[in-house]
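Enquirer: Line by line, the protein sequences are chains Y and W.
Going from the first sequence to our numbering is simple: count from 1 and add 1008.
Going from the second sequence to our numbering is simple: count from 1 and add 1099.
Heads up, the beta-carbon is just placed ideally off N, CA and C, and yes, glycines get one too.
One structure is given below, represented as structure tokens, and several questions about it will come after.
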Amino acid sequence: MKLLKNNSLSLNQLDGNTARLLTMFVAIFLVASLTKPDMFLSSGNFQSMSKQLVEYGLLSLGVGIAMISGGIDLSVVYIANLSAIVTGMVMKALVLTAVGPELLLFILIAVLAGVLTGFLCGAFNGFLISKLHIPAMLATLGTMQLYMGIAIIISGGSTVSGIPRVFSQLISNSYLFGIPLSFFIYLFVVGFIIFIMSKTKFGMRVFLIGTNARAAAFSGIKINNVLIKTYILSGLLASLAGILSLARLSSAKADFGSSYIMQTILIVVLGGINPNGGYGTIRGIFLATITVQVISSFLNMFPEISNYYRDLIWGVAVIGVLIVNFSANKKTTAKLAKATAN
Amino acid sequence: MNSLTTKKLKKSLVSTEFFVLVLIVLLAVFIEMQSGLFFTNNNLVDLLRSMIVPSIFALCAYLGFISTGPDVSFPLIAALSSYIATQFVVITGFQGSIAIVFLVAIAVGLVLGSINGFIIAKYNFPSLIVTLGTSTIFSGILLGAFEASRMELPATMADFGRQSLLAVTNAKAGIGSSLPMTFLIFVGLYIIVYFVLNHTMAGRGVFAVGGDETSAERAGFNVKLIRFGVFTVSGAIAAIAGVCYTVESLYYLPTEFAGEEMIVIAAVILGGTRLMGGVGTLKGTILGTLLITIVTNSLILVGIPVYWQKFFIGAIIIIGTAISVIQSHNLFKSKKSKDSKGLQNSEVVINETAQKQ
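Written out as structure tokens, the structure reads:
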């Protein structure tokens, strides 16, 4: 965590958000460890937590990048489902007769097909948002239905299952030092996105466009180009999430995980990304992902709490965090104004 | 160029609605030719019947769009307030007029809507995120705290649902359809909203706030109050839609509401309502709703499998928004768009006006 913390490109107020997040994380972790020590502190719980957070963690990264650019990507969950269905169907079509190394090759082809799906979906989102100037919310609201529709059509509305066991064994059931492989994939992706967003020109441009698109245009940034890349990145992350969920569940369906949309927005907002664009850090999203997973696992330990209450909690959390960040930012601005006045 | 804008604006709106109307006629003729079942009395009454609730919902989405931005919480406001109204009748054994049931729902809707309105107006957060948040909260309250489930309606409400304005029977197929009393509520609401929006200062304020917040403020409108008011009223309208849906289906169905928002938003946008506020007509909203209702109702008549529905709705949202955005983009040039193309266009406008002067 400390390593990640050094990686800052942020303003003062964001450190406040990270500090709040860290405090929240530690507090919830402590409460969970104290109230349910035998259940919460078991290695099994940590394994399942690290498995569960991967999918929506990846989705949140995509939504977060889109939000930093001043937009939003509501279609991520359905891109993930569509990619999972494409991967599953290609795998089923190819793999039935194959054995040995051929099998691995076919699995690779299927995964690539899924990734390509994510790429195309993301590019289409980017096209609608940048070239046709459709506001990101509405464009992705539309493509959300569209991708779900396509997924329903190609899967005939039923669950795609019966994918080769090797695939799910390989990704979902292999552990390194007791930590699932998928979690390592997630960590690697987080590191990669942190690098892209803070160390490359592309990342800087995304921030600039989110802060002030007009100024960005005047400084010679090709906005359409950057935006399309942003949504492609989001689509790729979503397809990765879809493929990992295919491996975890050994099945895929057009309407899996529709509640993830709210959860990803919660994580992104909790992570300190400004919904109007331009501010926020990837490590904030990462911290928020872990925090949400700990809360979620903790709530799971009380079977008497209905699943529906979780919706209530997420909803209250989103709006609460928005308001807290708003007032905190206001305070810092006021302080700055005072400081400059003196 | 300057004198053109208002004319062109009107023209383009007319053309959006006209375009939708043409599409409706073409679709109707196509379905009639394919199945011969479109222009039958029972199909037409069915269409009207299925339009009632989406059209009332469309008012909520429409008000959200012209004043602020997307609102996705109305289905759950409808679900929660009609649940409370139904429970009120069940628990108190209320026997009186159905109007009281509506008033209870409206009261709940006003409260829920004011929560949206308060957060959006006070903090100026994006309305989509706020309403997404509040609708998950409402869903948590409905399904978690109240543990709402499918229930039969008490007699007072069911009787109202069974009354019909108009009943027809298709002689050939022997299928009957009836138009429920809620149709009158739908017509009444549209007349009231039309009157308020077009003939009162508050109504003009709604358009002004959506068109340009700063100008509206300078013109003396209380921007925050108007936004708060719009979302509060929209909550009440959603509640009415919720009760209408409940009495029409003769059961209270808690999970049937969610998801409706997408279709309604698609309808409103198709009707030419501008996404970023300030522009849109009720005529367009009704036409858009009619188009979507025909698509969802009649795909089956032409033999298109139901699972293509999502695809069509998604495609219609995208095409509809694209047309609306391209039109408004050509008209308003750089006003709202933040991108390079908008900038280039605005420069052109500036040059042209400079030349004229």
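Can you give me the start and stop residues for the beta strand (DSSP E) that valine 1171 of chain W sits inside?
Expert: Run containing valine 1171 of chain W: none; DSSP gives neither H nor E here.
Enquirer: Spatial neighbours of phenylalanine 1138 of chain W within its chain, please: CB distance less than 8 Å, with the 5 preceding and 5 following residues excluded, ordered by chain position.
Expert: Once the five neighbours on either side are set aside, the close Cβ partners of phenylalanine 1138 of chain W are Ala1127 and Glu1131.
Enquirer: How big is the Cα-Cα spacing for alanine 1349 of chain Y and serine 1335 of chain Y?
Expert: Straight-line Cα distance between these residues: approximately 21 Å.
Enquirer: Could you tell me the boundaries of the beta strand (DSSP E) in which glycine 1275 of chain W lies?
Expert: Unbroken beta strand (DSSP E) run through glycine 1275 of chain W: 1275-1279.
Enquirer: Between the Cα of proline 1109 of chain Y and those of Y:Ala1255, Y:Ile1080, Y:Val1174 and Y:Lys1230, spot the shortest distance and give me the residue it belongs to.
Expert: Checked all of Y:Ala1255, Y:Ile1080, Y:Val1174 and Y:Lys1230; the closest Cα to proline 1109 of chain Y is Y:Val1174.
Enquirer: For threonine 1505 of chain W, which three-state DSSP category applies?
Expert: Past the edges of chain W, shown from 1100 to 1456, lies residue 1505 of chain W, and the structure says nothing about it.
Enquirer: Apart from the five residues on each side of it in sequence, which residues of its chain come closer than 8 Å, Cβ to Cβ, to valine 1302 of chain Y?
Expert: The answer, listed in chain order, is Phe1033, Ile1036, Phe1037, Ala1040 and Met1057.
Enquirer: Using a Cβ-Cβ distance cut-off of 7 Å, determine whether glycine 1379 of chain W contacts chain Y.
Expert: For glycine 1379 of chain W, the answer is no, since every Cβ of chain Y falls outside 7 Å of its Cβ.
Enquirer: For serine 1149 of chain W and threonine 1208 of chain Y, what's the separation of their Cα atoms in angstroms?
Expert: For serine 1149 of chain W and threonine 1208 of chain Y, the distance between alpha carbons rounds to 53 Å.
Enquirer: Here's a check: name, in chain order, each residue in its chain whose Cβ is nearer than 6 Å to the Cβ of alanine 1157 of chain W, leaving out the five neighbours to either side.
Expert: Result list for alanine 1157 of chain W: Val1363, Ala1366, Val1367, Thr1384 and Thr1388, in chain order.
Enquirer: Check the Cβ of phenylalanine 1410 of chain W against every Cβ in chain Y and list those closer than 7 Å, keeping chain order.
Expert: Here the neighbours are Leu1154, Gly1157, Ile1158 and Ile1161.
Enquirer: Would alanine 1342 of chain Y and alanine 1088 of chain Y be called neighbours here (beta carbons separated by less than 7 Å)?
Expert: Not closer than 7 Å, so no.
Enquirer: How would you label glutamine 1262 of chain W, buried or exposed, when you count the other beta carbons within 10 angstroms and need 16 or more for buried?
Expert: It is exposed - the Cβ of glutamine 1262 of chain W has fewer than 16 other Cβ atoms within 10 Å.
Enquirer: Could you check how far apart the C-beta atoms of tyrosine 1161 of chain W and threonine 1372 of chain W are, in whole angstroms? I think they sit under 8 Å.
Expert: 6 Å between Cβ atoms; contact.
Enquirer: Which ranges would you report for the alpha helix (DSSP H) in the segment 1239-1312 of chain W if only whole runs of at least 4 residues count?
Expert: Counting whole runs of 4 or more residues, the segment 1239-1312 of chain W contains the alpha helix (DSSP H) stretches 1254-1261, 1281-1298 and 1300-1310.
Enquirer: Can you tell which of Y:Tyr1183, Y:Met1152, Y:Arg1318 and Y:Lys1237 has its C-alpha closest to the C-alpha of isoleucine 1416 of chain W?
Expert: Nearest of Y:Tyr1183, Y:Met1152, Y:Arg1318 and Y:Lys1237 to isoleucine 1416 of chain W, Cα basis: Y:Met1152.
Enquirer: Quick one: which unbroken alpha helix (DSSP H) runs of 4-plus residues sit fully inside the segment 1129-1180 of chain W? Chain order, please.
Expert: Complete alpha helix (DSSP H) runs here, min 4: 1140-1166.
Enquirer: Would a check of beta-carbon distances place leucine 1320 of chain Y closer than 7 Å to chain W?
Expert: With 7 Å as the cut-off, leucine 1320 of chain Y counts as an interface residue toward chain W.
Enquirer: Secondary structure at tyrosine 1287 of chain Y, three-state DSSP: helix, strand or coil?
Expert: Coil.
Enquirer: Counting pairs of Cβ atoms below 8 Å between the segment 1348-1358 of chain W and the segment 1207-1219 of chain W, do you hit three or more?
Expert: In short, these stretches do not touch, since the Cβ pair count stays below three.
Enquirer: Check each candidate in Y:Thr1026, Y:Ile1093, Y:Gln1060 and Y:Thr1043 and name the one with the smallest Cα separation from serine 1259 of chain Y.
Expert: Comparing Cα-Cα distances from serine 1259 of chain Y to each of Y:Thr1026, Y:Ile1093, Y:Gln1060 and Y:Thr1043, the minimum goes to Y:Ile1093.
Enquirer: Going by DSSP, which residues form a beta bridge with tyrosine 1222 of chain W?
Expert: Looking at the DSSP assignment, tyrosine 1222 of chain W forms no beta bridge with any residue, so it has no partner.
Enquirer: So which residues of chain Y does leucine 1374 of chain W contact, with C-beta pairs closer than 7 Å?
Expert: Ordered by position in chain Y, the residues that pass the 7 Å Cβ test against leucine 1374 of chain W are Pro1143 and Leu1146.
Enquirer: Assuming isoleucine 1331 of chain Y contacts tyrosine 1222 of chain W under a Cβ cut-off of 8 Å, what Cβ separation, rounded to an integer in Å, is found between them?
Expert: Confirmed, about 6 Å.
Enquirer: Output, in chain order, the set of chain W residues within a Cβ distance shorter than 9 Å of proline 1045 of chain Y.
Expert: Those do not exist, as proline 1045 of chain Y stays about 27 Å from chain W at its closest Cβ, beyond 9 Å.
Enquirer: Going along the segment 1224-1241 of chain W in order, which residues come within less than 7 Å of chain Y, judged by CB to CB distance?
Expert: Flagged, chain order: Phe1224, Pro1225, Leu1227, Ile1228, Val1229, Leu1231, Gly1232, Thr1233, Thr1235, Ile1236, Ser1238, Gly1239 and Ile1240.
Enquirer: Count the other CB atoms within 10 Å of the CB of alanine 1318 of chain W; is the residue buried (16 or more) or exposed (fewer)?
Expert: Counting Cβ neighbours within 10 Å, alanine 1318 of chain W comes out exposed, since fewer than 16 surround it.
Enquirer: I need the straight-line Cα distance from isoleucine 1266 of chain W to serine 1266 of chain Y, nearest angstrom please.
Expert: Sequence inspection shows alanine at residue 1266 of chain W; the isoleucine mentioned does not correspond to that position. One C-alpha to the other measures close to 40 Å.
Enquirer: Could one say the Cβ of alanine 1366 of chain W lies closer than 7 Å to chain Y's Cβ atoms, at least one of them?
Expert: No, no contact with chain Y.
Enquirer: Given a cut-off of 7 Å, decide if isoleucine 1290 of chain Y and isoleucine 1217 of chain Y are closer than it, judged by their beta-carbon atoms.
Expert: Cβ atoms of isoleucine 1217 of chain Y and isoleucine 1290 of chain Y: not closer than 7 Å.
Enquirer: Less than 7 Å between the C-beta atoms of isoleucine 1137 of chain Y and alanine 1147 of chain Y, yes or no?
Expert: A contact, by the Cβ cut-off of 7 Å.
Enquirer: Going by DSSP in three states, serine 1083 of chain Y sits in which element: helix, strand or coil?
Expert: The answer is coil: DSSP assigns serine 1083 of chain Y none of H, G, I, E or B.
Enquirer: Roughly how many whole angstroms lie between the Cα atoms of serine 1436 of chain W and methionine 1309 of chain Y?
Expert: Confidence at serine 1436 of chain W is low in this model, with a pLDDT of 42, below 50, so its placement is unreliable and the value that follows should be read with caution. If you take the alpha carbons of serine 1436 of chain W and methionine 1309 of chain Y, they lie about 48 Å apart.
Enquirer: Determine the direct distance from the alpha carbon of serine 1050 of chain Y to that of phenylalanine 1173 of chain W, and round the result to whole angstroms.
Expert: So the two alpha carbons sit approximately 43 Å from each other.
Enquirer: From alanine 1254 of chain W to leucine 1320 of chain Y, what does the alpha carbon distance come to, in whole angstroms?
Expert: Computed Cα separation, rounded: 32 Å.
Enquirer: Could you confirm whether any beta carbon from chain Y is found closer than 7 Å to the beta carbon of methionine 1361 of chain W?
Expert: Interface residue, yes.
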